[in-house]
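Chains A, B and C, in that order, give the protein sequences.
Using my numbering, the first residue of the first sequence is number 2, and each one after it goes up by one.
Using my numbering, the first residue of the second sequence is number 47, and each one after it goes up by one.
Using my numbering, the first residue of the third sequence is number 11, and each one after it goes up by one.
For every residue, glycine included, the Cβ atom is placed at its ideal position computed from N, Cα and C.
Note that this is a predicted model, so its numbers are computed, not measured.
Notes follow once the structure below has been shown.
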Amino acid sequence: MAKLNQLTIHALRDLLDSGQVSPTEVLDACLKRIEQVDPQVKAFITLIPEAARARAKQLEDLGKDKLATHSLAGIPFALKDNLCTKGILTTCASRMLANFIPPYDSAMVEKLEAACAITIGKANLDEFSMGSSTETSSFFPTANPWDLERVPGGSSGGSAAAVAADEVIFALGSDAGGSLRIPAAFCGLVGMKPTYGRVSRYGLISYAPSLDQIGPLTKDVTDCALVLNTIAGHDARDANSVPVEVPDYTSFLKEDLQGLRIGVPREYFFPGLDPRVKELVQKALLRLEELGAICEEVSLPHTEYALPVYHLISTAEASSTLARYDGVNYGYRAAADDLDTMLQKTRTEAFGPEVKRRIILGTYALSSGCYDAYYLKAQKVRTLIKQDFDQAFAQYDLLVSPTAPGVAFSFGEKEDPLSMYLLDFCTNPLNLAGLPGISIPCGFIQKMPVGLQFIGRPFSEGTLLQAAYAYEQSTEWHRQKPDLDNDCI
Amino acid sequence: MIISHEQVETMAFLNQIELSAEEKEQYTAQLNVILKYARILEQLDTSQVAPMIHVLPLYNVWREDEVGVGLDREQALQNAPESEEGYFKVPRIL
Amino acid sequence: MATDYEAVIGLEVHVELKTKSKIFCSCPTTFGGESNTHVCPGCLGLPGVLPVLNRKVVEYAIKAGLALNCEIAEFTKFDRKNYHYPDLPKNYQLSQFDLPICQQGYLEIEINDNQKKIGINRIHMEEDAGKLVHQGDNIARAEYSLVDCNRSSVPLLEIVSEPDMRSAEEARVYLEKLKAILEYLDISDCKMEEGSLRCDANVSIRPRGQRTLGTKTEIKNMNSFRSLQRAVEYEIERQIDAKEAGEPIVQETRGWDEVTGVTLSMRSKEEADDYRYFPEPDLPPLRIDRAWVEELQQQQPELPAARKERFIQDYGLPNYDAEILTNSRALADFYEASCSLYPNPKVVSNWVMGELLHLLNAENLEITQSRVTPERLAEMLQLIDKGTISGKLAKTVLEEMFKTGQPPQAIVQAKGLVQITDESALTIVVDQVLEANPKVVEDYRKGKGKALGFLVGQVMKQTRGQASPEVVNRLLKTRL
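Below is the structure:
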């Protein structure tokens with residue numbers, strides 16, 4: 002018999018709604034698990050067990066019938082620590098915000114509170130989401146529950162590890178170039194980056210505003226649909242959030258893909274791709290065809306340009322977005338007698354090396370004399386990248402590709418920045434075009450999970466979930482769990 | 047070399063960041079690798095391509111001119127490293 | 011022979027819009043208030059809070075653009091201007107760079123009856139910064155500084171002229187006219203002393219006839235029309251002196267010192283500034299609907315130029331009077347209200363432009379602060395017509411009205427200022443005056459006409475100005 006913390010949202014819903022288990026029991030199972038494995042996994046920066054217990058009690062007092070009307074009632078979850086929580090430390094895994102307590106809640110916190118889910122804590126990430134391995138966190142790296150010697154992916158690595166280790170039932174992360182999908186792939190989870198504008202970014206501590214989008218990390222596709230139902234929707238406080246109606250995403254969960262036209266972009270099978278990953282993806286394509294889909298090769302000719310475009314644009318935006326951290330109104334302040342020294346010491350001492358590197362690159366891309374050659378050029382090529390997708394989607398309902406070029410790697414393995422940046426080869430074009438993407442497990446290489454990515458038209462999350470669900474239901478990958486217990490005695 | 051040590055230093059300076067000699071060396075080397083990679087963009091003729099200004103076909107997103115509730119002073123200053131008499135306090139400006 | 015120099019002046023004017031809420035958040039824009047009480051996570055620059063544009067700001071920008079004969083952009087956007095300063099919470103200012111909302115307009119000014127068009131290069135929307143308070147006598151000697159974010163993100167329009175002005179006077183008149191237009195549009199308080207109207211001047215000189223521009227300096231810190239004119243005058247002289255002495259003119263920012271009357275170099279590190287403008291990703295761009303522009307054009311109030319024409323046509327005022335009266339919306343409103351109650355436009359104009367403006371200027375007050383209302387002014391003018399008070403007495407009465415805000419009748423009665431028209435009473439005084447001044451009487455009779463004036467004056471003096479000049483004249487003439 003599986004433990005409560007190992008279950009999915011939909012499995013727990015049945016137990017909670019029928020009164021077989023209480024929110025406190027579910028929460029206790031999670032807290033116990035955290036106590037047991039988090040010293041090794043290190044998924045969390047901040048835990049709030051007392052507040053979580055109080056909330057569970059409060060929910061119990063509502064009674065199970067009333068609770069059952071809330072989609073995520075009594076489900077413990079983790080937030081990436083770049084989502085602001087009123088009165089609770091929100092650090093972005095940076096020394097800069099090590100003492101920052103927001104006086105307001107992010108839209109996500111409001112929505113999940115309203116759905117009666119229970120916040121357990123704030124999960125680790127790459128500092129200001131700048132990384133693909135969670136190694137750039139100013140505090141500590143998070144380990145991959147499938148192999149504690151390896152990274153969980155990033156930047157939402159803490160969120161993914163917490164779910165994969167069964168410390169929470171689901172988690173929220175954010176994705177500017179692959180930060181949800183890479184950790185989902187590395188940790189054997191379902192991770193969705195919704196269409197830009199689908200989910201409110203209000204209260205998300207931004208890395209690159211034109212690319213960031215919040216999404217769920219879950220144990221299966223059904224859970225992904227359930228969380229998306231709760232978090233999607235228009236918010237007037239995010240001018241880029243789009244007033245498009247939110248369908249019931251669970252209505253798309255069908256096991257049939259008859260007539261679905263799937264394009265397979267040949268450029269995504271690039272030289273850096275591990276041939277074993279390629280093989281698993283090709284097997285998945287065969288499975289999709291068995292399920293009724295029509296898979297055909299398609300070309301997205303500007304794919305190879307996406308990586309530099311992504312890095313020029315994201316770092317340019319970040320260099321400006323992160324300028325606010327100066328020790329004046331909040332955050333870290335270095336001691337100094339005059340303002341300039343204070344500003345310089347503050348930013349020099351509190352930002353880590355990856356943040357500084359990206360700020361310098363982004364500043365260069367925007368600086369006078371370089372703007373046309375770098376920033377403007379990148380935005381022009383971004384137009385071409387989006388046009389590639391537009392053309393492909395004139396013919397296909399979905400595109401499919403590997404998520405990451407390989408499996409999770411060992412700590413410190415990718416020392417030079419470019420090799421780390423190449424991890425996002427298949428994921429960041431979507432952010433540049435604002436498209437939704439989902440990563441789901443499609444097999445293992447030497448016990449390490451591999452991810453399959455579906456890419457959709459804007460606001461076609463339903464179609465993504467349909468394909469992901471049909472594939473998932475025809476496989477057993479999502480039922481496998483890391484064998485952490487031996488590692489954590 | 048695309049970006050020089052001096053340029054790396056200037057970019058850091060514009061952002062109120064100081065670099066040690068070692069960091070300057072390392073960043074210059076790394077950024078040159080990245081910028082060299084970015085040079086593949088030069089292969090594309092984009093003279094007829096409009097830069098993307100916004101990824102969504104969204105325009106004219108605005109609110110009406112209404113006053114809402116903000117923070118009280120205590121909340122506003124709650125995270126201030128230093129404050130005095132309702133103000134944020136900063137060291138002298140040279 | 012000394013070179014004949016020509017000054018080239020352009021103005022950058024920042025004007026705070028009088029919307030209820032800030033440009034990118036819903037905090038109030040109210041002036042004053044305790045420090046850091048009109049703030050929210052947005053205008054404090056806290057992470058994760060996004061800007062949402064106030065539609066009214068766009069409306070006001072279009073109104074200003076239409077009034078200044080600009081082209082209104084079909085497509086416009088906001089950009090980030092990046093620089094570090096502790097009064098700028100995000101360390102970037104949301105502004106507009108390459109696609110401002112308004113471009114290529116002009117404004118007509120008039121100096122000594124000569125019309126001149128001053129080009130408007132652009133108008134763009136942006137957010138204001140917070141305020142720094144330096145603890146110590148000045149910034150250089152302050153031990154520390156304090157930041158108040160109440161003004162952070164208050165909406166501004168920046169109105170940039172072409173370098174079309176050729177004298178300090180033109181610069182002043184341009185700014186006065188611009189202020190008048192913005193007041194007529196009712197989109198700003200335009201108070202230079204409160205900083206809701208701020209002006210920087212770009213000044214350069216060149217030998218007359220030369221086409222290329224000389225090196226310019228940017229002058230800041232001018233907080234009145236007068237200081238603008240003085241500062242520009244000073245700067246032109248300074249540049250000419252430097253040129254004549256063979257010293258270079260450096261491109262720099264200079265601050266105007268009101269007390270010493272000179273401009274001083276503030277900084278010349280222009281080369282270190284690199285604002286790295288790029289489109290604000292958090293705000294979708296704007297498409298300005300032509301129908302909306304048309305609608306706003308229809309709603310435009312009468313502007314100073316049109317009103318001036320109307321004053322000349324309808325009230326038969328001279329150009330000079332019409333220019334002065336219409337240069338302030340409040341003054342023109344006051345004038346028209348007075349005329350509707352006392353339909354003698356020239357008389358009203360004389361009193362408003364003469365006595366009333368004199369009183370206001372002496373106390374540095376605006377017409378809106380005047381305790382003399384159009385109703386009271388009309389009542390006073392009617393008292394003159396009825397013969398209750400003389401024109402001379404009326405000046406005293408107006409002063410009193412101005413000071414106390416009381417109605418003219420009450421002042422006349424309380425101070426016993428009623429005009430004496432009673433002939434028998436005045437005859438006594440006239441006789442006394444004639445008796446006391448035999449020599450003057452002699453002069454008059456010998457044909458010295460001026461002597462009569464002296465005698466009238468004496469009677470007025472004896473009656474504390476209350477005697478009816480008409481009656482006194484008649485009585486004197488009969489007696490003589």
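query: Give a yes or no on whether the C-beta atoms belonging to residue 181 of chain C and residue 242 of chain C are separated by under 8 Å.; result: yes
query: Would you please verify whether the beta carbon of residue 30 of chain C is less than 8 Å from any beta carbon of chain A?; result: no
query: Can you pull the DSSP bridge partners for residue 151 of chain A?; result: A/411
query: Since residue 15 of chain C sits in a beta bridge, which residues does DSSP pair it with?; result: C/217
query: Where does residue 280 of chain C sit, in a helix, a strand or coil, going by DSSP?; result: For residue 280 of chain C, the pLDDT reaches just 49, beneath the cut-off of 50, and the residue's location in the model is therefore unreliable, although a value from the coordinates is still provided. Note: residue 280 of chain C maps to helix in three-state DSSP.
query: Can residue 162 of chain C and residue 129 of chain C be called in contact, C-beta distance under 8 Å?; result: no
query: With a 10 Å radius around its C-beta and 16 neighbouring C-beta atoms as the bar for buried, classify residue 78 of chain A as buried or exposed.; result: buried
query: Where do the N-terminal and C-terminal ends of the alpha helix (DSSP H) with residue 47 of chain A fall, by residue?; result: Element bounds for residue 47 of chain A: not the alpha helix (DSSP H) but the beta strand (DSSP E), 45 to 48.
query: Please list, in chain order, all residues of the same chain as residue 468 of chain C whose beta carbon is under 6 Å from its beta carbon, the five residues on each side excluded.; result: 443
query: Identify the residues that DSSP records as bridge partners of residue 102 of chain C: which are they?; result: C/92
query: Between C/24, C/23 and C/40, which has its C-alpha nearest residue 30 of chain C's C-alpha?; result: C/40
query: Considering Cα atoms alone, identify which of B/104, B/114 and B/57 is closest to residue 35 of chain C.; result: B/114
query: Run through the stretch 149 to 211 of chain C for me and flag every whole alpha helix (DSSP H) of 4 or more residues, listed as ranges in chain order.; result: 178 to 195
query: I'd like to know whether the C-beta atoms of residue 183 of chain C and residue 119 of chain C end up nearer to each other than 8 Å.; result: yes
query: Any Cβ of chain A within less than 8 Å of the Cβ of residue 119 of chain B?; result: no
query: Is the Cβ of residue 83 of chain B closer than 8 Å to any Cβ of chain C?; result: no
query: Would you kindly check if the distance between the Cβ of residue 253 of chain A and the Cβ of residue 463 of chain A is under 8 Å?; result: yes
query: Residue 225 of chain A by DSSP, collapsed to three states: which one?; result: helix
query: Could you pull out every residue in the same chain whose Cβ sits closer than 7 Å to the Cβ of residue 252 of chain C, ignoring the five residues on either side in sequence?; result: 259
query: Kindly indicate which three-state DSSP category residue 67 of chain C falls into: helix, strand or coil?; result: helix
query: Name, in chain order, the residues that DSSP records as bridge partners for residue 440 of chain A.; result: A/192 and A/454
query: Taking beta-carbon pairs under 7 Å, can you tell me which members of the stretch 198 to 211 of chain A lie near chain B?; result: 198 and 211
query: Is residue 31 of chain A helix, strand or coil by DSSP?; result: helix
query: Quick one: which chain C residues come within Cβ less than 7 Å of residue 318 of chain A?; result: 291
query: Below 8 Å between beta carbons: does that hold for residue 382 of chain A and residue 306 of chain A?; result: yes
query: Is the stretch 182 to 198 of chain A close to the stretch 207 to 220 of chain A, with three or more CB pairs under 8 Å?; result: yes
query: Check the Cβ of residue 87 of chain C against every Cβ in chain B and list those closer than 9 Å, keeping chain order.; result: 99 and 100
query: Please list, in chain order, the chain A residues whose beta carbon lies closer than 9 Å to that of residue 57 of chain B.; result: 320, 360, 361, 362, 363, 364, 365 and 368
query: Could you tell me which chain A residues have their CB closer than 9 Å to the CB of residue 62 of chain C, listed as they occur along the chain?; result: 237, 238, 239 and 240
query: For residue 66 of chain C, return the contacting residues in chain B, with the cut-off set at a CB-CB distance below 8 Å.; result: 110 and 111
query: Quick one: is residue 474 of chain C buried, meaning 16 or more other Cβ sit within 10 Å of its Cβ, or exposed?; result: exposed
query: State the CB to CB distance for the pair residue 57 of chain C and residue 206 of chain A, rounded to an integer number of angstroms; the pair is presumed to be in contact (CB under 8 Å).; result: 4 Å
query: I want to know whether the stretch 259 to 269 of chain C touches the stretch 287 to 295 of chain C - three or more CB-CB distances under 8 Å.; result: no
query: Taking the continuous alpha helix (DSSP H) assigned at residue 89 of chain A, which residues delimit it?; result: No alpha helix (DSSP H) holds residue 89 of chain A; DSSP gives it neither H nor E.
query: Which residue's Cα is closest to the Cα of residue 151 of chain C: A/408, A/350, A/339 and A/482?; result: A/339
query: Is the separation between the beta-carbon of residue 201 of chain A and that of residue 176 of chain A shorter than 8 Å?; result: no
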